[in-house]
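First residue of the sequence shown? That's 294 in the working numbering, and the numbers climb one at a time after it. We put the CB at the ideal spot given by N, CA and C, even for glycine.
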Amino acid sequence: MAELGQIIFDILVFVLPLYFGNAAPTILGGGPPIDGGRYWKDGKRILGDGKTIRGFWLAVLVGIIIGVLLAWIINSFDGVIFGNPPIDIRLEYQEFYESSIIYPLLSFLNLADVLANSLVLGGVTGGISTLGGMTGDMVGSFIKRRSGIPRGKTFIFLDQLGFLVLGMVFIYPIIPCPPLWLAFLVPITFLTHIAANLFGYFTGIQDDPL
Ligand code: CTP
Ligand code: MG
294 MAELGQIIFD ILVFVLPLYF GNAAPTILGG GPPIDGGRYW KDGKRILGDG
344 KTIRGFWLAV LVGIIIGVLL AWIINSFDGV IFGNPPIDIR LEYQEFYESS
394 IIYPLLSFLN LADVLANSLV LGGVTGGIST LGGMTGDMVG SFIKRRSGIP
444 RGKTFIFLDQ LGFLVLGMVF IYPIIPCPPL WLAFLVPITF LTHIAANLFG
494 YFTGIQDDPL
């Protein structure tokens, strides 16, 4: 069981920037929509007013900031073991980076060491996973509009997991994390997303409870 606590810790450190990035637009988004107010052939909006340029880039920025911040915090605890069963405070994903598909290319370009710096890798990981997450969020809205679901209405599973799946796809070439991580992340993401939405609903931030 010591293993399980460690695995959960490692996964959370990796995915928290994506979670925070994805949540940021709800509070700080708004402004001109990404689709420019345009309509698809079916007479419905391409994406809708819920996907804004500001929200998109703000999410990526928050992903980068949280990624760097977490890497910095964890670095300052480097080598510390706490708890019983023990959990090693570390940046596990740094090891996956070295076995990534882009590592040989980065080595060839003499860039591998730059990314190996934990703060840089933290920021890149947070930024790229959130970039994927926001892309998944847009794909989700596109599918919702084509299915006739209005902006802000829930599409169960797609709303909760679209950002996670594309976030993981985008980051995979850099951090090839084990499939086991997804088996953990899918249910956890689903549940935290629903919990966050319920919180948003009861505090008046959003209209739909799910
Ligand atoms: N948001 C934004 N820009 C984005 C994504 C989200 O400004 N790229 C903001 C919008 O104010 C949006 C809120 O965050 O209403 C919640 O995001 P989300 O639930 O993804 O959008 P919905 O409004 O539910 O729209 P949709 O039905 O298209 O998912
Ligand atoms: Mg929504």
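Bridge pairing for T418: absent [DSSP].
Relative to the ligand MG, the nearest heavy atom lies less than 8 Å away from the CB of T447. Of all alpha-carbon atoms in L363, D406, F435 and G298, the one lying nearest the alpha-carbon of L451 is that of F435.
At least one heavy atom of the ligand CTP sits closer than 8 Å to the Cβ of K437. Set against 8 Å, the gap from the CB of D328 to the closest heavy atom of the ligand MG is not smaller. At a Cβ-Cβ threshold of 9 Å, G419 and V361 count as neighbours. D406 sits exposed, since fewer than 16 C-beta atoms from the chains shown fall within 10 Å of its C-beta. Annotated as distal: M461 and S411, with beta-carbon spacing of 9 Å or more.
DSSP places P326 within a strand segment (E or B) once states are collapsed to three.
If you draw a straight line from the Cα of L297 to the Cα of G314, it is about 26 Å long. Among the bridge pairs identified by DSSP, Y332 is matched with R338. Judged by the Cβ position, G348 fails to qualify as a neighbour of the ligand MG at the 8 Å threshold, every heavy atom of the ligand being at least this far. Judged by DSSP secondary structure, Y465 falls outside any alpha helix (DSSP H); it is assigned neither H nor E. As DSSP reads the structure, D381 sits in a beta bridge with I374.
Taking I487 as the centre and dropping the five residues before and after it, the same chain places the C-beta of Q453 and L503 closer than 7 Å to its C-beta, in chain order. Within the DSSP secondary-structure output, T345 pairs in a beta bridge with P326. Rounded to whole angstroms, the gap between the alpha carbons of G324 and F375 is 45 Å.
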